[in-house]
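A.B. asks: Pasting in a structure now, in C-alpha cells, and then I'll have a few things to ask.
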Amino acid sequence: MKVTKKILTASIAAVLLLGTVNMPAFVNQAYAATTTLEVIYGVNFRKGPSTSSDVIRMLQKGEKVTLVSKYSSSYWKVKDSNGVTGYISSSSKYTKTVSGSSQSGSSDSSSSSSSSATVEKVISAGMKYLGTPYKYGADRNSTKYFDCSSFVRRAFIDGAGVTLPTDSRKQATYVKNKGNTKSKISSLKRGDLMFFMSYKGSSSSSYSGVDKSKETVTHVAIYLGDNKMLHTYSTDSGGVRVDTITGKHWQYRFLFGGSAL
C-alpha cells in the first residue's frame, strides 16, 4: 500500500509539472516543435490520421510545414503555413526534413541526404536528455548530469558515433579545423554547433565595442534551426533545454558556428 501511494504521489507531481506523465511524448513534442518538413511529392493533408479521413487539400511539392508531433508510425501531425493543423503520411517519399527556414533544401545528392539523416540522429539523441540536470565539470562519461560541452559530446556519440573533444574551446577548434565556419546565426544549418563568449549583460549595449575575434569560447550549443538551440548552461536553468536565440543575450554572445560532421 505504501508503494502504491508513492507511485500515485509521483504521478500527480508529474502531471502538475508537465501536464502529463508520458515523458516520451513530452520529448517528442519538444523535438517536433523545432522541425520543419518540405514536401517532395504531393501528399494528402487530412483532418485525421486515416485514409478514410476527409482531405483538407493536397500539399504541393516544395511547400513547407511544421511538425507538431509524430502521431504514429504511419502518420504525422503537421501545421501548414496558414496555421491549419492536419495529418500526413509519415512515408519518406512525401517529405524530408530541412534545416530551418534558411536552408533551401535543394540538394538531392546521396551524401547530402546521409548528412541530414546523421544530423537528425544527433538532435534526436540530444532531445532524449531534455531536463537532465546541469553540473559544471561533469564527468565526460556520465549521462546523469551534463555541462554544456559534455552534453554536446554525448549527443554526437549517441547519434553519430563521433567523439568530439572534451571541452567547448577544443570543440570550437575542432569545428574551425573543418573549415566553413559562419559568423552569422542566419547562415547556420540545423545541427551546426554554436559557440559563445562569456556573459556580459542581457542587452546588446553590453557587448558594443567587443572584439569578438579576441574573445574566448565559454559555451557551446546545437543549432536546431528556426532561431532555436539545444543546450545546457546552469543548475537554475533546469538542465538540458531548448532556447530561443534572437533578442536574448545568446544573440549578442554568439561568436561563430559550423558543422562538426
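Sequence positions in the sequence shown follow mature numbering (1 follows the signal peptide of the UniProt record, and there is no 0) and run -32 to -1, 1 to 229. Even glycine gets a Cβ: it sits at the ideal position worked out from N, Cα and C.
1) Are the C-beta of residue 182 and some C-beta of chain E separated by less than 7 Å?
2) At what residue ranges does the stretch 85 to 137 contain a whole run of the alpha helix (DSSP H), taking only runs of 4 or more?
3) Is the separation between the beta-carbon of residue 6 and that of residue 89 shorter than 7 Å?
4) Among the residues of its own chain, which have a CB less than 6 Å from the CB of residue 174, if the five just before and after it don't count?
5) Is the distance from the Cβ of residue 228 to the Cβ of residue 156 below 7 Å?
6) On a Cα-Cα basis, can you pick out the residue from 21, 92, 39, 42 that is closest to residue 209?
7) How would you write the range of the alpha helix (DSSP H) that residue 221 sits in, first residue to last?
8) Alpha carbon to alpha carbon, how far is residue 111 from residue 122? Give it in angstroms, no decimals.
9) Quick one: residues in its chain with C-beta nearer than 6 Å to the C-beta of residue 151, no 5 flanking neighbours on either side, listed in chain order?
10) Can you give the Cα-Cα distance for residue 226 and residue 149, rounded to whole angstroms?
11) Would you say the stretch 98 to 108 touches the stretch 196 to 216, given that touching needs at least three Cβ pairs under 8 Å?
C.D. replies: Taking the structure as given:
1) The chain inventory of the structure shown lacks chain E, comprising one protein chain alone.
2) 116 to 128
3) no
4) 168
5) No, Cβ-Cβ distance for residue 228 and residue 156 is not below 7 Å.
6) Looking at the Cα atoms, 92 is the closest of the given residues.
7) 217 to 221
8) 8 Å
9) 224
10) 5 Å
11) yes
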